Amino acid sequence: MANKPFSPSSERNKEAILEVLSGVISLSDRRILEIGSGTGQHAVFFAKHFPHAEWYPTDVTANLKGINQWVEEAGLFNLQKAQRMEVGKDELPKLKFDVIFTANTFHIMHWKECKSLIKMFAGRLREDSRVVIYGPFKIDGKFTSESNEAFDQELKMSDPMSGIRSFEDVNNNMIKVGFELVNNVSMPANNQMLIYRRLKFQG
Ligand SMILES: C[S@@+](CC[C@H](N)C(=O)[O-])C[C@H]1O[C@@H](n2cnc3c(N)ncnc32)[C@H](O)[C@@H]1O
Numbered sequence: 012m013a014n015k016p017f018s019p020s021s022e023r024n025k026e027a028i029l030e031v032l033s034g035v036i037s038l039s040d041r042r043i044l045e046i047g048s049g050t051g052q053h054a055v056f057f058a059k060h061f062p063h064a065e066w067y068p069t070d071v072t073a074n075l076k077g078i079n080q081w082v083e084e085a086g087l088f089n090l091q092k093a094q095r096m097e098v099g100k101d102e103l104p105k106l107k108f109d110v111i112f113t114a115n116t117f118h119i120m121h122w123k124e125c126k127s128l129i130k131m132f133a134g135r136l137r138e139d140s141r142v143v144i145y146g147p148f149k150i151d152g153k154f155t156s157e158s159n160e161a162f163d164q165e166l167k168m169s170d171p172m173s174g175i176r177s178f179e180d181v182n183n184n185m186i187k188v189g190f191e192l193v194n195n196v197s198m199p200a201n202n203q204m205l206i207y208r209r210l211k212f213q214g
C-alpha cells in the first residue's frame, strides 16, 4: 500500500522487543492492548507472532488512518482496527485485557498523562495481568547514555513538558496502584523494558 507511515526505529527495535514479549505473553492471554501504536508497524509484527491473542492498537486521532493502512494490508484475523485512545481525554477500551503494551510514549506524554495512564492500568487490569513499558528511562536520576541526554534536550525544545522519565518515578507510581515489578530489562540503544504484574487487590 502506497504512502504508509514508516518508522525506521520500529523496524530496528521490534525483534529485541519481541524476544522479551515472548517471555511475558502466554498462550492463555486473549487480549493485548497497545497504547500509542504510532505507525502500526509494531502492531502488525507482534500480532503475527502471537496469533492466539487479539491485538488492539490505539493512538490519537491523527495516527489512526496510518495504523489502519498497515492493519488492512496485513489482513491478520487477530489484529483489530486501531481505535482512538488519547490519554488525558479517553478511557481505556472497555474490555478485559491480559497485557497492556506501550512503546516510546512515556517521554512524549506529559508526566500528568503518564500518571493518569498508570491509574487507568490499575482500574482496568485484573490480578496477574501485565503491563509492559518500553523506552528510554533515567535510572538513579541519571541518563543511561549521552545520546539519551541529548534526546531529552531535543524533546524539551519542541515540548518543555515532554522528556525522558525516571524509572523510579514510574516504578513508584506503578507500585502505589498495585503492581509489582517483574523485570527491568536493558535493551539495545539505551532503552529499558519495564514489566509489571497486577497484584491481587488488597482492599
Ligand atoms: C514516539 S511515538 C512511538 C510510537 C510507537 N509506539 C513506536 O514505538 O514506534 C509516540 C506515540 O505516542 C502517541 N501519543 C502521544 N501522546 C499521547 C496520548 N496523550 N495518548 C495516547 N497516545 C499518545 C503519539 O501519537 C505517538 O504515536
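Position in the sequence shown (from 1) plus 11 gives the number in the numbering used here. Think of the CB as a built atom: it goes at the ideal place given N, C-alpha and C, for glycine as much as any other residue. From a predicted model like this one, the values you see are computed outputs, not experimental measurements.
Cβ-Cβ distance between residue i and residue j below 7 Å
i: P68; j: S37; result: no
i: I78; j: G51; result: yes
i: I119; j: L205; result: no
i: M168; j: H121; result: no
i: M185; j: I129; result: yes
i: S177; j: K153; result: no
i: L103; j: R135; result: yes
i: R234; j: T72; result: The question about residue 234 has no answer, for the chain in this structure spans 12 to 214.
Nearest-angstrom Cβ-Cβ length linking residue i and residue j, presumed shorter than 8 Å
i: E45; j: F112; result: 5 Å
i: S43; j: D109; result: In the sequence under discussion, the amino acid at residue 43 is Ile, which differs from the Ser named in the question. Right, the Cβ-Cβ distance comes to about 7 Å (below 8 Å), so this counts as a contact.
i: Y207; j: V193; result: 6 Å
i: N89; j: E124; result: Incorrect: roughly 29 Å between the Cβ atoms, too far for contact.
7 Å Cβ shell around residue i - same chain, five flanking residues per side excluded
i: N201; result: P147, T155, S156, S158, N159
i: H60; result: L29
i: V18; result: Here the sequence assigns Ser to residue 18, which means Val is not the residue at that position. Cβ within range, chain order: G49, T50, Q52.
i: A85; result: V55
Which of helix, strand or coil DSSP assigns to residue i
i: E45; result: strand
i: Q164; result: helix
i: I175; result: coil
i: F154; result: coil
i: P19; result: helix
i: R95; result: strand
i: V71; result: coil
i: N89; result: coil
i: S37; result: coil
i: E216; result: The shown model of the chain, from 12 to 214, leaves out residue 216, and the question about it has no answer.
i: E30; result: helix
Cutoff 6 Å; reference residue i; Cβ partners in own chain excluding five residues on either side
i: D163; result: G174, I175
i: A58; result: W66, L87, N89, L90
i: S39; result: none
Same chain, Cβ closer than 8 Å to residue i, neighbours up to 5 away in sequence not counted
i: F190; result: F132, A133, V142, Y207, R208, R209, L210
i: A93; result: S48, G51, A54, P68, T69, D70, N74, L75, I78, N79, V82
Residue environment, residue i, which counts as buried when at least 16 other CB atoms sit within 10 Å
i: L32; result: buried
i: T116; result: buried
i: N24; result: buried
i: A114; result: buried
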